[in-house]
Amino acid sequence: MSTSFQNIRGTFDILPDAYTEGETRIASSAEWQAVESVIDDVMRRYNYEEIRTPIFEPTELVARGVGQNTDIVQKEMFAFERSDTQYVLRPEITAPVMRAYLQHHLDQRGGVQKLFYVGPCFRAEKPQKGRYRQFHQFGVEVIGADDARADAETIASMMAIYDAFGIDDTRLRINTLGMPAARSAYVSDLVDYLEPYADELSDTSRRRLETNPLRILDTKLDHEQDLLRDAPILTDYVRDEDRAHYEEVKGLLDELDVAYDEDPHLVRGLDYYTRTAFELESPSLGAQSALAGGGRYDLLAQEIGSDEPVPAIGYAAGMERLFLALDTDRLPEPDRPDVFLAALGDDAARWVFRTTQTLRREGLHVAFDMKGRSLKAQMREANRQDATYTLIIGGNELEAEAATVKHMESGEQTEVPFAELTDYLTDRATA
């Protein structure tokens with residue numbers, strides 16, 4: 007069978023089996039579930055609660071939250087209009103989470119709101135390895151705390167995710183961005199420094215020199231990195247209190263044995279960041295080495311309509327990037343049936359259909375044939391699905407009211423009365 011329709015470039019299907027598309031391995035749905043389960047477990051241990059927001063939001067929310075001059079807003083949004091209202095498929099999830107926090111008055115729940123999410127995002131960028139137009143993020147947002155402990159614990163929770171997967175070839179970079187007033191003075195001096203070198207900059211960096219100079223610090227081009235070696239340093243511009251906050255964050259990370267490198271050129275690509283910024287990378291991923299990143303964004307709430315600032319910090323991580331860094335041998339095998347029911351004859355098929363439901367109600371993972379195939383073909387199917395047991399029913403078994411139960415790995419067969427089947431199988435499934 008074939009179809010003229012294909013998934014849209016920059017997207018992919020998650021199937022029951024893993025497969026390769028181009029040079030990229032696309033994990034199976036079981037592997038995605040297993041990875042999400044590990045993330046959920048770490049989030050639970052760090053006392054985060056899950057939040058889910060819509061995949062589309064008002065365009066203005068994203069533009070005001072992320073920043074009008076960012077690449078996301080300028081050229082990467084999937085936007086559409088309906089009834090004179092502009093919408094966008096969410097390119098990130100922090101602004102939507104803050105919108106939900108303000109809209110539903112989550113501050114009234116009391117205490118700091120520690121939230122996490124897993125879900126799809128959308129950016130109209132050029133697809134490449136590990137980067138898609140529909141991609142998936144997990145992340146956390148800690149809202150209502152300006153204490154340095156919130157920064158350190160947030161970073162520690164991020165590291166715990168990758169530790170849980172055995173990914174240890176990572177480098178954590180941290181910096182402080184200060185507050186907008188100090189950053190504005192820094193940007194002015196950075197522009198003055200770079201303008202004489204404008205002809206040596208890439209087209210992207212020349213555009214950023216006019217619109218978002220801080221992003222030039224993100225350059226991966228060697229000759230631009232060389233130009234930046236003598237550029238002004240952002241940390242020289244931040245206020246004493248912001249520097250003190252940064253020093254406290256570093257001290258707390260030291261207490262938690264979280265290793266880090268200070269990088270004075272580290273900036274985040276979104277306008278809402280203040281003070282602490284951090285990024286986790288894996289050199290094994292090549293030039294596009296980022297696994298996760300985040301920082302503090304105390305002014306985001308006001309940007310999207312709050313009367314008062316709301317202290318907050320968080321991070322976001324790409325699921326696809328995680329899969330690239332993950333040793334696939336560490337992923338679990340697909341869940342296999344506890345028992346496959348094979349029938350020989352119409353009466354046996356009806357008995358199998360009824361009994362399948364009975365066994366499932368007892369919590370067993372049960373499979374059976376729906377194509378009316380021969381017993382030999384059904385046994386091949388039981389092998390393909392890697393069932394632990396196969397229960398064989400034919401006319402003789404129905405007359406004797408006892409099933410033939412075959413342990414597929416050993417080949418051992420046992421006659422089990424129908425009345426004892428449920429206990430027999432559930433006891434072995436839970437052993």
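What the sequence shown shows, in the numbering used here, is residues 7 to 437, in sequence order. Yeah, the Cβ is synthetic: ideal placement off N, Cα and C, and Gly gets one too.
Going by beta carbon distance, what residues of the same chain come within less than 8 angstroms of residue 337, once the five residues before and after it are set aside?
33, 37, 40 and 41
Alpha-carbon to alpha-carbon, residue 280 and residue 177
22 angstroms
For residue 147, which of helix, strand or coil comes out of DSSP?
strand
What distance in whole Å lies between the Cβ atoms of residue 376 and residue 286, which are believed to be in contact at a cut-off of 8 angstroms?
About 46 angstroms separates the beta carbon of residue 286 from that of residue 376, a gap too long to meet the 8 angstroms contact definition.
Which class does residue 68 belong to by DSSP, given the choice of helix, strand or coil?
Residue 68: helix per DSSP, three-state reduction.
Quick one: what's got a C-beta closer than 6 angstroms to residue 352's C-beta in the same chain, skipping five residues either side?
Counting only Cβ-Cβ distances below 6 angstroms, and skipping sequence neighbours, we find nothing.
Per DSSP, cross-strand counterpart(s) of residue 299:
285 and 322
Whole angstroms are fine: how far does the CA of residue 189 sit from the CA of residue 29?
Going from the Cα of residue 29 to the Cα of residue 189 covers about 41 angstroms.
Can you tell me which of the three DSSP states residue 309 falls into?
Secondary structure of residue 309 (DSSP, three-state): helix.
Under a Cβ-count criterion, where at least 16 other Cβ atoms within 10 Å of its own Cβ denotes burial, should residue 47 be classed as buried or exposed?
exposed
Nearest-angstrom Cα distance between residue 323 and residue 409?
51 angstroms
Helix, strand or coil for residue 98? Go by DSSP, reduced to three states.
Here residue 98 sits in coil by DSSP.
Just checking: is the beta-carbon of residue 50 within a distance shorter than 8 angstroms of some beta-carbon in chain C?
Reference to chain C is not applicable here, since this structure consists of a single protein chain.
N-terminal and C-terminal residue of the beta strand (DSSP E) that residue 397 is part of
Residues 395 to 399.
Leaving out five residues before and five after residue 359 in sequence, what residues of the same chain have Cβ atoms less than 8 angstroms from its Cβ?
The answer, listed in chain order, is 374.
For residue 82, tell me which candidate among 226, 147, 16 and 252 has the shortest Cα-Cα distance.
16
Own chain partners of residue 258 with C-beta closer than 7 angstroms, once the 5 adjacent residues on each side are dropped
154, 155 and 158
List the whole-angstrom C-beta distance separating residue 59 from residue 102, where the pair is believed to meet the contact cut-off of C-beta under 8 angstroms.
4 angstroms
CA-CA distance, residue 203 and residue 107?
44 angstroms
What residue range does the beta strand (DSSP E) around residue 374 cover?
372 to 374
Quick one: what's got a C-beta closer than 7 angstroms to residue 368's C-beta in the same chain, skipping five residues either side?
428 and 432
Taking 8 angstroms as the cut-off, does the segment 309 to 319 touch the segment 210 to 218 (at least 3 CB pairs, one atom from each stretch)?
no
Which residues does DSSP pair with residue 135 in a beta bridge?
DSSP lists no partner for residue 135.
Could you please give the first and the last residue of the uninterrupted beta strand (DSSP E) stretch that includes residue 271?
Element bounds for residue 271: n/a, residue is neither H nor E.
Residue 271 to residue 395, Cα distance in whole Å?
Straight-line Cα distance between these residues: approximately 59 angstroms.
Could you tell me which residues DSSP pairs with residue 124 in its beta bridges?
144
Does the distance from the CB of residue 321 to the CB of residue 146 come in under 8 angstroms?
In this structure, residue 146 lies closer than 8 angstroms to residue 321 by Cβ.
Compute the distance between the beta-carbons of residue 347 and residue 362, then report whether it is under 8 angstroms.
yes
Looking only at C-alpha atoms, which of 104, 397 and 61 sits nearest to residue 70?
104
Quick one: grab the DSSP three-state call for residue 92.
strand
Beta strand (DSSP E) segment containing residue 346, residue limits
345 to 349
Would you give the residue range spanned by the alpha helix (DSSP H) that residue 382 belongs to?
381 to 390
Apart from the five residues just before and just after residue 404, which ones in its own chain have a Cβ nearer than 7 angstroms to its Cβ?
353, 354 and 357
Within its chain, find whatever has a CB closer than 7 angstroms to the CB of residue 262; leave out the 5 residues flanking it on each side and keep chain order.
158 and 162
Spatially closest choice to residue 171 from 225, 330 and 426, by CA coordinates:
Ranking 225, 330 and 426 by Cα distance to residue 171 puts 330 first.
Three-state class that DSSP yields for residue 413 in the structure shown:
strand
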